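Enquirer:
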Amino acid sequence: MISLHSVILVDSTSHAMRIEKVLHTHNIPSKLIPVPRHLSSDCGVCVRIASDKKERVREILESNKIVYQSIKVL
Amino acid sequence: MMSGKKVGEAKNLLYLDNAATSWPKPPGVAPAMVHFIESVGANPGRSGHRLSVKAARIVYDAREALARFFNMPDPLRVIFGLNITDGINLALHGLLKQGDHVVTTSMEHNAVMRPLHQKEKFGVEFTQVACEQDGTLNPEQIESAIQPNTRLVVVNHASNVCGTLLPIKEIGKIVRDAGLLFLVDSAQSAGAIEIDMAGDLIDLLAFTGHKSLYGPMGTGGLIVGKRVDVQELSSLRQGGTGSRSEREEQPDFMPDCYESGTSNAVGLAGLLASLTWLNNVEVQKIQADEEKLCQQMINGLMEIPNIRVYGTHDAKKQTATVAWNMKGVEPSTIGMRLDEEFGILCRVGLHCAPSAHRTIGTFPDGCVRFGLGAFNSEPDVERALQSVARIAKEES
Chain F
1069 MISLHSVILV DSTSHAMRIE KVLHTHNIPS KLIPVPRHLS SDCGVCVRIA
1119 SDKKERVREI LESNKIVYQS IKVL
Chain A
17 MMSGKKVGEA KNLLYLDNAA TSWPKPPGVA PAMVHFIESV GANPGRSGHR
67 LSVKAARIVY DAREALARFF NMPDPLRVIF GLNITDGINL ALHGLLKQGD
117 HVVTTSMEHN AVMRPLHQKE KFGVEFTQVA CEQDGTLNPE QIESAIQPNT
167 RLVVVNHASN VCGTLLPIKE IGKIVRDAGL LFLVDSAQSA GAIEIDMAGD
217 LIDLLAFTGH KSLYGPMGTG GLIVGKRVDV QELSSLRQGG TGSRSEREEQ
267 PDFMPDCYES GTSNAVGLAG LLASLTWLNN VEVQKIQADE EKLCQQMING
317 LMEIPNIRVY GTHDAKKQTA TVAWNMKGVE PSTIGMRLDE EFGILCRVGL
367 HCAPSAHRTI GTFPDGCVRF GLGAFNSEPD VERALQSVAR IAKEES
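The listed protein sequences correspond, in order, to chains F and A. Residues in the first sequence are numbered from 1069 upward in steps of one, following the numbering used here. Residues in the second sequence are numbered from 17 upward in steps of one, following the numbering used here.
1) Leaving aside the five residues before and after GLU1088 (chain F) along the sequence, list all residues of the same chain whose C-beta is less than 7 Å from its C-beta, in chain order.
2) When the cut-off is 7 Å and only beta carbons count, does GLY256 (chain A) lie next to chain F?
3) Check the Cβ of SER1138 (chain F) against every Cβ in chain A and list those closer than 9 Å, keeping chain order.
4) Compare the C-alpha of LEU221 (chain A) against each of A:MET233, A:LYS242 and A:GLY234 and name the closest.
5) With 16 other CB atoms within 10 Å as the buried threshold, where does ASN176 (chain A) fall?
6) Hey, does PRO1102 (chain F) have any beta-carbon neighbour from chain A nearer than 7 Å?
7) Using a Cβ-Cβ cut-off of 7 Å (strictly less than) and excluding sequence neighbours within five positions of ALA373 (chain A), which residues of its own chain qualify?
8) What number of angstroms, rounded off, separates the C-alpha of LYS185 (chain A) from the C-alpha of GLN157 (chain A)?
9) Looking at the C-beta of ASP1120 (chain F), does it have a partner C-beta in chain A at a distance below 7 Å?
10) Using only the alpha-carbon positions, how far apart do GLN311 (chain A) and ILE302 (chain A) sit?
11) Determine the DSSP secondary structure at SER160 (chain A), reduced to helix, strand or coil.
12) Select from F:VAL1141, F:GLN1137 and F:LEU1142 the residue whose C-alpha is nearest the C-alpha of ALA1084 (chain F).
13) Return the residues of the stretch 1075–1089 of chain F that lie within a Cβ-Cβ distance of less than 9 Å from chain A, sorted by chain order.
14) Using a C-beta cutoff of 7 Å, does VAL1115 (chain F) count as contacting chain A?
15) In chain order, what residues of the stretch 243–277 of chain A put their CB closer than 8 Å to some CB of chain F?
16) Taking the alpha-carbon positions, what's the ARG130 (chain A) to SER1108 (chain F) distance?
17) Can you tell which of A:GLY231, A:ILE314 and A:ASN280 has its C-alpha closest to the C-alpha of PRO42 (chain A)?
18) Would you be able to state if there are at least three C-beta pairs under 8 Å between the stretch 114–129 of chain A and the stretch 87–95 of chain A?
19) Whose Cβ in chain F lies nearer than 7 Å to the Cβ of ARG73 (chain A)?
20) Taking 7 Å as the threshold (C-beta atoms), are PHE198 (chain A) and VAL240 (chain A) in contact?
21) Buried or exposed for GLN204 (chain A), going by 16 or more other Cβ atoms inside 10 Å?
22) Spell out whether any CB of chain F is found under 7 Å from the CB atom of LEU287 (chain A).
23) Please specify which runs of the beta strand (DSSP E), each continuous and at least 3 residues long, are wholly inside the stretch 256–329 of chain A, giving them in chain order.
24) Quick one: give me the first and last residue of the alpha helix (DSSP H) that HIS51 (chain A) is part of.
25) Measuring only the C-alpha atoms, how far is ASP77 (chain A) from PHE85 (chain A)?
26) As a quick exercise: from A:GLY389, A:GLU410 and A:THR349, pick the residue whose alpha carbon is nearest that of ALA36 (chain A).
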């Protein structure tokens, strides 16, 4: 089965906020959700995106020099 | 003239203590704080539920608004603390090590002087360059005070006693050319005078939200420029940050490294509202209005017999804070009469800045300080001048 969603794991909620805003300016829908326990032990939030936008998101984050931990399929 | 909301007894009072904290606040500030308490309420960055995310978004938006306001590209380098004093303490205690030397001026507030005296006990040296009696400084003096072990230059942008501005852009250039770090205490200027961290070559900007940014108290901190990294700046407090919860060591990234414990999100909601207001009315407009009122106040006071006004007497060279004395009358007597008989509120004494008072020649007696703000008007200045003139006549 192909997963519809991926999540961007980040260091802190502030980082998640920053990513959410940048993605919004590029018209890429995203949603902040609690970090799924099986992906990380962090108690904060991560940014959920559509899996088919993963590569585009990676490019945007890198070109804006935004720090993130990883992008994982949900 | 802009108007802010005052209710009850406060309506008839003339508040001239904006250098201590601005009041009234712009129209949107109190509603934003009430909204946070009533409709958001959750802890920012501690949980993943919708209200926690909503709270975190408000805190982040405040971070971003400040970063934009001071021309700092990365909002994650805006560190919220208890207040600006906390921000200055983070910079001084976090950076300075035994054997380091610091250059500062004779116009500093105790927010800078007391941490420096504390660091002195642990092997940090400092040099205070002497400012002129009107509070001005020739930036070349900073250059001559630099030693081989100098690490940091710290200055206040505007004096909290007499408002005199220091030439931060010129000092910034000297500091950058010498390869040192530059810390600016913007307590009296942020919001009243434009500050550009990139253009003014500021590495660390300590700010307060409750003075000329017109936000609530408890909303200050430190903005850390790109030339300072986390390894170089130690955190003063450690604790829960809502991030890296599996580890018992402090996170090593900004802003979490320096923001342990729950933040003053209610206050930051208010600050975000005041920054939105400030961006709409524009700093240049407030600056122009205050400059006019300040000059009116200086000129008016100087026409009253037995009054001495300190500082440059030129509103373009200072913030709208006017320091003065009446010959033969204690500042405390004047402060009390202004309050009790005329409903005018100001601050008298030494203003937590003994060094600045020594520089302008008012130590140990202090002076009277009128701190004007964005909500003052020409009739306010006129009322203050008439009241002072009456006291001068009666006391002579």
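For each residue, glycine too, the CB sits at the ideal point set by N, CA and C. Keep in mind it's a predicted model, so treat the numbers as computed, not measured.
Expert: With the given structure in hand:
1) Locating residue 1088 (chain F) in the first sequence gives position 20, counting from the first residue. Answer for GLU1088 (chain F): SER1098, LEU1100 and VAL1115, listed in chain order.
2) Counted from its first residue, the second sequence places residue 256 (chain A) at position 240. No, no contact with chain F.
3) The sequence position of residue 1138 (chain F) within the first sequence is 70, counting from 1. The premise fails here: SER1138 (chain F) is roughly 15 Å from chain A at the closest Cβ pair, so nothing lies under 9 Å.
4) The residue given as residue 221 (chain A) occupies position 205 in the second sequence. It is A:LYS242 whose Cα lies nearest to the Cα of LEU221 (chain A).
5) As a working note, residue 176 (chain A) is residue 160 in the second sequence. By the 10 Å Cβ count, ASN176 (chain A) comes out buried.
6) Taking the first residue of the first sequence as position 1, residue 1102 (chain F) is located at position 34. Output row for PRO1102 (chain F): interface = yes.
7) As a first step, residue 373 (chain A) is located in the second sequence; it is residue number 357 there, counting from the start. According to the sequence shown, residue 373 (chain A) is His rather than Ala. The residues are VAL177, LEU366, PHE379 and GLY382.
8) The count along the second sequence starts at 1 and reaches residue 185 (chain A) at position 169. The count along the second sequence starts at 1 and reaches residue 157 (chain A) at position 141. The alpha-carbon atoms of LYS185 (chain A) and GLN157 (chain A) are separated by roughly 14 Å.
9) Residue numbering aside, residue 1120 (chain F) sits at position 52 when the first sequence is read from its first letter. Judged by the 7 Å Cβ criterion, ASP1120 (chain F) is not in contact with chain A.
10) Mapped onto the second sequence, residue 311 (chain A) falls at position 295. Mapped onto the second sequence, residue 302 (chain A) falls at position 286. Taking the straight line joining both Cα atoms gives about 14 Å.
11) Numbered from its first residue, the second sequence carries residue 160 (chain A) at position 144. The answer is helix: DSSP assigns SER160 (chain A) an H, G or I state.
12) Taking the first sequence and counting its residues from 1, one reaches residue 1084 (chain F) at position 16. Here the closest residue by C-alpha is F:GLN1137.
13) VAL1078, ASP1079, SER1080, THR1081, SER1082, HIS1083, ALA1084, MET1085, ARG1086, GLU1088 and LYS1089
14) In the first sequence, the residue the question calls residue 1115 (chain F) occupies position 47. For VAL1115 (chain F), the answer is no, since every Cβ of chain A falls outside 7 Å of its Cβ.
15) THR257, GLY258, SER259, ARG260, SER261, GLU262, PRO267, PHE269, PRO271 and ASP272
16) Here residue 130 (chain A) refers to the residue found at position 114 of the second sequence. Here residue 1108 (chain F) refers to the residue found at position 40 of the first sequence. Computed Cα separation, rounded: 44 Å.
17) In the second sequence, the residue the question calls residue 42 (chain A) occupies position 26. Of the candidates A:GLY231, A:ILE314 and A:ASN280, the one whose C-alpha sits nearest the C-alpha of PRO42 (chain A) is A:GLY231.
18) no
19) The residue you call residue 73 (chain A) lines up with position 57 of the second sequence. Chain F residues near ARG73 (chain A): MET1085.
20) Numbered from its first residue, the second sequence carries residue 240 (chain A) at position 224. Numbered from its first residue, the second sequence carries residue 198 (chain A) at position 182. No, Cβ-Cβ distance for VAL240 (chain A) and PHE198 (chain A) is not below 7 Å.
21) Sequence index remark: in the second sequence, residue 204 (chain A) carries index 188 (1-based). Burial call: buried.
22) Here the question's residue 287 (chain A) lines up with position 271 in the second sequence. Not one chain F Cβ lies under 7 Å of LEU287 (chain A).
23) 323–325
24) For the purposes of this step, residue 51 (chain A) is taken as residue 35 along the second sequence, with counting starting at 1. Where HIS51 (chain A) is concerned, the enclosing alpha helix (DSSP H) stretches over 45–51.
25) Translated into positions along the second sequence, residue 77 (chain A) becomes position 61. Translated into positions along the second sequence, residue 85 (chain A) becomes position 69. Approximately 12 Å between the Cα atoms of the pair.
26) Numbered from its first residue, the second sequence carries residue 36 (chain A) at position 20. Checked all of A:GLY389, A:GLU410 and A:THR349; the closest Cα to ALA36 (chain A) is A:GLY389.
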